[in-house]
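One line per chain: the protein sequences are A and B, in this order.
Here the numbering used here is used: position 41 in the first sequence is 55, and no number is missing along the way.
Here the numbering used here is used: position 160 in the second sequence is 174, and no number is missing along the way.
Idealized CB from N, CA, C, for every residue including glycine.
Below: one structure, written as structure tokens.
Number of protein chains: 2
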Amino acid sequence: MPGTIYDVAQQAGVSTATVSRVVAGGARVSPATRQRVADAIRELGYRPNALARSLAVGHTRTVALLLPDITNPFFPELVKGVQLVADEDGYTLILCETAGDPDKEARYLTMLRGQQVDGLLAIGLTLPRARTEQVLGPDLPVVCLDRSMDLRRASQVHVNHRQGARLATQHLLALGHRHIAHIAGPPALRVGAARREGYQLALREAGLRPDRAAVIAGDLTEDGGYAAALRLLEHPGPAPTAIFVANDLMAIGAMAALRARGIGVPGDLSVVGFDDIHLAAYTSPPLTTVHQPAREMARRATEILLAAIAAPGDRRPRRAVFDATLVVRGSSAPP
Amino acid sequence: MPGTIYDVAQQAGVSTATVSRVVAGGARVSPATRQRVADAIRELGYRPNALARSLAVGHTRTVALLLPDITNPFFPELVKGVQLVADEDGYTLILCETAGDPDKEARYLTMLRGQQVDGLLAIGLTLPRARTEQVLGPDLPVVCLDRSMDLRRASQVHVNHRQGARLATQHLLALGHRHIAHIAGPPALRVGAARREGYQLALREAGLRPDRAAVIAGDLTEDGGYAAALRLLEHPGPAPTAIFVANDLMAIGAMAALRARGIGVPGDLSVVGFDDIHLAAYTSPPLTTVHQPAREMARRATEILLAAIAAPGDRRPRRAVFDATLVVRGSSAPP
DNA sequence: CTGTTAGCGCTTTCAA
DNA sequence: TTGAAAGCGCTAACAG
Chain A
15 MPGTIYDVAQ
25 QAGVSTATVS
35 RVVAGGARVS
45 PATRQRVADA
55 IRELGYRPNA
65 LARSLAVGHT
75 RTVALLLPDI
85 TNPFFPELVK
95 GVQLVADEDG
105 YTLILCETAG
115 DPDKEARYLT
125 MLRGQQVDGL
135 LAIGLTLPRA
145 RTEQVLGPDL
155 PVVCLDRSMD
165 LRRASQVHVN
175 HRQGARLATQ
185 HLLALGHRHI
195 AHIAGPPALR
205 VGAARREGYQ
215 LALREAGLRP
225 DRAAVIAGDL
235 TEDGGYAAAL
245 RLLEHPGPAP
255 TAIFVANDLM
265 AIGAMAALRA
275 RGIGVPGDLS
285 VVGFDDIHLA
295 AYTSPPLTTV
305 HQPAREMARR
315 ATEILLAAIA
325 APGDRRPRRA
335 VFDATLVVRG
345 SSAPP
Chain B
15 MPGTIYDVAQ
25 QAGVSTATVS
35 RVVAGGARVS
45 PATRQRVADA
55 IRELGYRPNA
65 LARSLAVGHT
75 RTVALLLPDI
85 TNPFFPELVK
95 GVQLVADEDG
105 YTLILCETAG
115 DPDKEARYLT
125 MLRGQQVDGL
135 LAIGLTLPRA
145 RTEQVLGPDL
155 PVVCLDRSMD
165 LRRASQVHVN
175 HRQGARLATQ
185 HLLALGHRHI
195 AHIAGPPALR
205 VGAARREGYQ
215 LALREAGLRP
225 DRAAVIAGDL
235 TEDGGYAAAL
245 RLLEHPGPAP
255 TAIFVANDLM
265 AIGAMAALRA
275 RGIGVPGDLS
285 VVGFDDIHLA
295 AYTSPPLTTV
305 HQPAREMARR
315 ATEILLAAIA
325 APGDRRPRRA
335 VFDATLVVRG
345 SSAPP
């Protein structure tokens, strides 16, 4: 109905090949015919069928981005960065929310393969390697953004989670805190583990013995942070004077819990987050947190992906690790 | 490389037509051949090429969602709802961020048409009608979610913005406030205007004369809310004792500005937002706001879209308007 | 510079 | 129940 290349060819009195050429832009076509074809295209309101084109050329100029939870404000930040460079290069982005569910991941992956996407960006897939490989095939370029996944050939772009967590903890230490609790991410997630390690490392470096009881795991949501903070408070033993929280969303939840318990931040308790979502600057008090250069990471990941797509011969995984930086705001103070 | 239907046919010793039939599921195929084909499929790890299929059948089972800003937490909520029902029905979702830029909108729209999406969900397109129609063609089903667009044939799903704003203002009025300012959305946006109308309506109903100077427009971001609140404070004349803010993000920004100025919320000034993003429950104080049933709206919009796709004969626009409800939390109190 | 001719991988009559 | 064959809309040699 929207008119085919054949209609245009007829109208312009040329062959479809010629139309194809002028649509493609470059190729050798006489100005005269080029003009006639252009006119025909306009008159007919012709839009090339990208499907047919893709089928013919063997690629789609489409990439997909899998992410665990679009509701966590940190990810949209990443999405934005990806969109940006995808757009620049004329790629279409397909977004899929996996909810961290391996089955969903598998379903999306096979769907995307069927959809003939040219490449894949993934934020934290939990699918085991064997399954991933089987479902993905050996050739599709994939790069992991922010969180890793279980696949050797995947490129990786992320911050140094450990170093970031260490930074946060050192900040608290420098402030004079000695009882620093940690609200961690799900232990099953590599990020969760890495940030926890950084925290423990800093403690050890300060000559403190990490207290297992002082770390409790949350699910990276506000609700999870709220609940975790409450549990932390109920805990017997010396009360912490500071909490390092594995992400900003949970930190926000934790601060709400403290407020509900009448505990002042940073007066009674300091809290430090991780991610530096835009909102972190607007909490009360503004949240001290570890900054991830989200846009740049996303940009870099996408560039790596597109480069891989452009170089089908070279499937060596790349890796880019960004430094995290500390952003001191109002939620941390001396004990 | 991933193997074609032809490979499967060979391996199973049947024709491609037969393979197609067993892949399709239903059709009359003897159990024996069905088995052979199934085996071949498994052994070869065959995945049908969705592109080729779409080209043959004339539809893609793909819909697109255009949204202005993925970074505003309200939209991901909507996205989630859309994903949900799209998934259920086996549709793939393409997400496009338009940044409220008409040119970008036009580009995406023509791209999507080329991409042969079966339908369109749009959150607040700003493209003028003529252009939209031209670029969209007459047949593609489109439904507007949350914010409207300039296109007659589009279906509409949204809350009653006016009524919600009125509710918020009435709440403030009932609390005893008489000087209620408003931080509005961009006047060019219908939502902005509608919410502002609701605010003014409530004022008038209460026998108050809306003060033009008491409303100032923001851009719906935290930063915008922050700046707007500051401007409001600088304003000469009687200081407001309450602000109704056109969305939660700006409300959060406004609260931060007030805090920075040493103005207590709700002690010195009440703040009411709009949207009820998840974070609204976690601000300090928790934000009183107008709730939009995001998930249900998204679900409904998607259902309407898919129904339209399924009924190519019927292009009558549908419309669903949801009631907004007030969620009273801690940011509002008597003056 | 331009047209002819095969496909790309799949579906779908139409016959057998 | 199964196969042959045409065709979806476009591209890409290959000739001319």
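Asked: Exposed unless 16 or more other CB atoms sit within 10 angstroms - verdict on valine 351 of chain B; Found: No answer is possible for residue 351 of chain B: it lies beyond the span of chain B, which begins at 15 and ends at 349.
Asked: Bounding residues of the alpha helix (DSSP H) (the contiguous stretch that carries leucine 79 of chain B); Found: No alpha helix (DSSP H) holds leucine 79 of chain B; the beta strand (DSSP E) holding it covers 76 to 81.
Asked: Beta-carbon gap between threonine 112 of chain B and leucine 80 of chain B smaller than 8 Å; Found: yes
Asked: Assigned exposure category for histidine 73 of chain B - 16 Cβ within 10 Å defines buried; Found: exposed
Asked: N-terminal and C-terminal residue of the alpha helix (DSSP H) that glycine 239 of chain A is part of; Found: 236 to 248
Asked: Proximity to arginine 313 of chain B [Cα-Cα], best of B:Val99, B:Ala46, B:Arg61; Found: B:Val99
Asked: Residue-level contact to chain A via CB, valine 93 of chain B, 8 Å cutoff; Found: yes
Asked: Straight-line gap, glycine 178 of chain B to glutamate 91 of chain A (C-alpha atoms, nearest Å); Found: 29 Å
Asked: Beta carbon proximity, glutamate 119 of chain B to chain A, threshold 8 Å; Found: no
Asked: Under 8 Å between C-beta atoms of proline 300 of chain A and arginine 273 of chain A; Found: no
Asked: Own chain partners of glutamine 25 of chain B with C-beta closer than 8 Å, once the 5 adjacent residues on each side are dropped; Found: Ala54, Glu57, Leu58
Asked: Partner residues on chain B for glycine 27 of chain A, Cβ-Cβ distance less than 8 Å; Found: Simply none; closest approach about 24 Å.
Asked: Residues bridged to serine 284 of chain B (per DSSP); Found: B:Ala256
Asked: Min CB distance arginine 313 of chain A to chain B below 8 Å; Found: no
Asked: Status (buried if at least 16 other CB within 10 Å, exposed otherwise) for tyrosine 20 of chain A; Found: exposed
Asked: Three-state class that DSSP yields for aspartate 289 of chain B in the structure shown; Found: strand
Asked: For asparagine 63 of chain B and proline 82 of chain B, the rounded distance between their alpha carbons; Found: 32 Å
Asked: Segment contact, 8 Å Cβ cut-off, at least three pairs: the stretch 144 to 156 of chain B with the stretch 184 to 203 of chain B; Found: no
Asked: Any chain B beta carbon closer than 8 Å to threonine 339 of chain A; Found: no
Asked: Alpha-carbon to alpha-carbon, histidine 172 of chain B and leucine 65 of chain A; Found: 33 Å
Asked: Distance between serine 162 of chain A and glycine 138 of chain A (C-alpha atoms, nearest Å); Found: 5 Å
Asked: Local conformation of glutamine 170 of chain B per DSSP, three classes; Found: strand
Asked: Buried versus exposed, by CB contacts within 10 Å (16 or more), serine 44 of chain B; Found: exposed
Asked: Complete runs of the alpha helix (DSSP H) confined to the stretch 33 to 95 of chain A [at least 4 residues]; Found: 45 to 58, 64 to 71
Asked: Three-way DSSP call (helix, strand, coil) for leucine 187 of chain A in this model; Found: helix
Asked: Contacting residues, own chain, Cβ-Cβ under 6 Å from proline 280 of chain B (five flanking each side not counted); Found: Ser345, Ser346, Ala347
Asked: Residue(s) in a DSSP beta bridge with leucine 134 of chain A; Found: A:Ala78, A:Val156
Asked: Residue from A:Leu293, A:Pro250, A:Gly151, A:Arg75 whose Cα sits closest to the Cα of glutamate 102 of chain A; Found: A:Arg75
Asked: Buried/exposed call for glutamine 130 of chain B, threshold 16 Cβ in 10 Å; Found: buried
Asked: Residues that alanine 270 of chain B contacts on chain A, provided the C-beta gap is smaller than 9 Å; Found: Ala295, Tyr296, Thr297, Ser298, Pro300
Asked: From A:Val259, A:Arg245, A:Glu248, residue whose alpha carbon lies closest to that of glutamine 214 of chain A; Found: A:Val259
Asked: Contact with chain A by arginine 273 of chain B, beta-carbon distance below 8 Å; Found: yes
Asked: Secondary structure of valine 99 of chain A, DSSP reduced to three states; Found: helix
Asked: Close Cβ partners of leucine 278 of chain A (< 8 Å) along its chain, the five nearest in sequence each way excluded; Found: The sequence shown places glycine at residue 278 of chain A, rather than the leucine named in the question. These residues qualify, in order along the chain: Leu272.
Asked: Minimum Cβ-Cβ distance from asparagine 261 of chain A to chain B less than 8 Å; Found: no
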